[in-house]
Amino acid sequence: MNMPLPLSQGNWDPCTYARPFIDPRAVAKREIPAKTMYDTIAQHCGDLQVETTFAYLISERGRFIPNSQGGARHRLDGVDPHQIKRVFFLGAQGRAALLGIQLHPTDSDGYADLRQNTHLDPTDVQLLATCSGLANWHDNGAFCARCGERTTYAAAGWERKCLGCARIEYPRTDPSIIVAIHDQNDRILVAHNTRWRPTYASLVAGFMEMGEAPEQTVARETLEEVGLHVDRIEYVASQAWPFPRSLMLGYRARVVDGAGLEPTVDGVEIDWARWYTREEYGAALKNGQIEAPGPISIARAIIRHWYGQPLPGDE
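In the numbering used here, each residue's number is its place in the sequence shown (first place is 1) plus 1102.
Structure follows, in structure tokens:
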């Protein structure tokens, strides 16, 4: 299915074979020359010729510092080494090495929210999201899940190694489903989570449980969240959502013929769910009755595909 997904369109070389041999922290802090990293990339990544470095600057989940032109990439010589908390080697694009730099928390108001950004290059969007996920994983992975000893940064930010039992931990991704539920008239169901803004509405979603297939999760979550029985469950698309660490598996499903169409919500997690035709959905967006999912989310992409044209408010 042709469905543009902002977090699945990046194009770069991750240079995975070079990760164990690169110390991007030392490069970013100017403790070793950048050429050392360039030579390592050439040695382990098919003689890839790199001659400059760009960095993405991030803080807490989903926030980054734009450059002076509003883009995402910064020259390394403009980064204060004293503000660096962690550095991740992301790979290369063209002749540029790409680093993600997590900064120490500050009171700066110069950060932007990646989840609301619509103008960045697709590779930059995906790599900023990658940085956000890696930073969250490191922040929450200080201790070994096996023995409880401290773990330390390794493999250019893509591993943590236990100082006690030497266990290697890798960045964790939690698979989740998100589903466009339709009735026999091709209406779509959107729901409101009690933690969201009053008018924000999205698709039913939830984490997979141990032992489940994604299609089983779709059926279970739909019944649990809105009290509907569905079948004809079809995979649509997927994209990472590292806020903090999800992989969103997109589906569509239809209410079982003859089953009830009235949503039943628990009032605790979901407090309302409503059916919309395309005309009703567009009108509800225009008059502010509801707010569509964020611009880089798979939820918005799935809804836009059903809607058949740009949503009101799309640029």
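The beta-carbon is built from N, C-alpha and C at its ideal position, and this holds for glycine as well.
- Measuring C-alpha to C-alpha distances from Leu1291 to each of Trp1298, Ser1304 and Pro1135 identifies Ser1304 as the nearest.
- Within the segment 1218-1290, the runs of alpha helix (DSSP H) at least 4 residues long that lie entirely inside it are, in chain order, 1224-1241.
- Contact between Tyr1353 and Ile1372 fails: their C-beta atoms lie close to 18 Å from each other, not under 8 Å.
- Assignment of beta-bridge partners to Arg1188 by DSSP yields Gln1204.
- Annotated three-state conformation of His1294 is strand, per DSSP.
- For Pro1108 against Pro1224, the beta-carbon gap comes to about 7 Å, under 8 Å, which counts as contact.
- DSSP, reduced to helix, strand and coil, places His1146 within a helical segment of the structure shown.
- Linking Phe1309 to Pro1316 through their CA atoms gives a straight-line distance of about 9 Å.
- Listed as beta-bridge partners of Trp1114 by DSSP are no residues whatsoever.
- For the pair Leu1201 and Ala1157, the CB atoms are nearer than the 9 Å cut-off.
- Here the C-alpha atom of Ala1258 lies approximately 7 Å from the C-alpha atom of Val1189.
- At a cut-off of 4 residues, the continuous stretches assigned as alpha helix (DSSP H) that sit fully inside the segment 1316-1361 are 1316-1328.
- By the 16-neighbour rule on beta-carbons within 10 angstroms, His1294 is buried.
- Contact check for Ala1199 and Ile1143: beta-carbon distance about 6 Å, within the 8 Å limit, so the pair qualifies.
- Assigned with DSSP and collapsed to three states, Thr1154 falls in strand.
- Annotation for Tyr1409: the continuous alpha helix (DSSP H) segment containing it runs Ile1400 to Tyr1409.
- According to the DSSP assignment, Ala1128 belongs to the alpha helix (DSSP H) that extends over Pro1126 to Ala1130.
- CA-CA distance, Ser1234 to Pro1397, rounds to 17 Å.
- Within the same chain, Cβ atoms closer than 6 Å to the Cβ of Met1105 are found at Ala1339, Ala1403 and His1407, the five residues on either side in sequence being excluded.
- If you draw a straight line from the Cα of Glu1364 to the Cα of Gly1112, it comes to about 40 Å.
- Using a C-beta cut-off of 8 Å, the segment 1260-1272 makes contact with the segment 1239-1247, since at least three inter-stretch Cβ pairs fall below that distance.
- Rounded to the nearest whole angstrom, the CA to CA distance from Gly1415 to Ala1385 is 12 Å.
- Relative to the Cα of Thr1118, the nearest Cα in the group Phe1191, Thr1301 and Asp1149 belongs to Phe1191.
- For Tyr1383, the enclosing alpha helix (DSSP H) has its first and last residue at Arg1380 to Lys1388.
- Contact annotation: Ile1283 and Ala1355 have beta-carbon atoms nearer than 9 Å.
- Check the Cα spacing between Glu1381 and each of Gly1250, Gly1410 and Gly1369: the tightest is with Gly1410.
- Annotation: Pro1412 to Leu1387 spans about 12 Å, alpha carbon to alpha carbon.
- Boundaries of the beta strand (DSSP E) around Val1306: Val1306 to Phe1309.
- Secondary-structure assignment with DSSP links Arg1197 through no beta bridge to anything.
- Taking the CA atoms as reference points, Ala1174 sits about 38 Å from Trp1374.
- When Asn1389, Pro1168 and Asp1125 are compared, the shortest CA-CA separation from Thr1301 is found for Asn1389.
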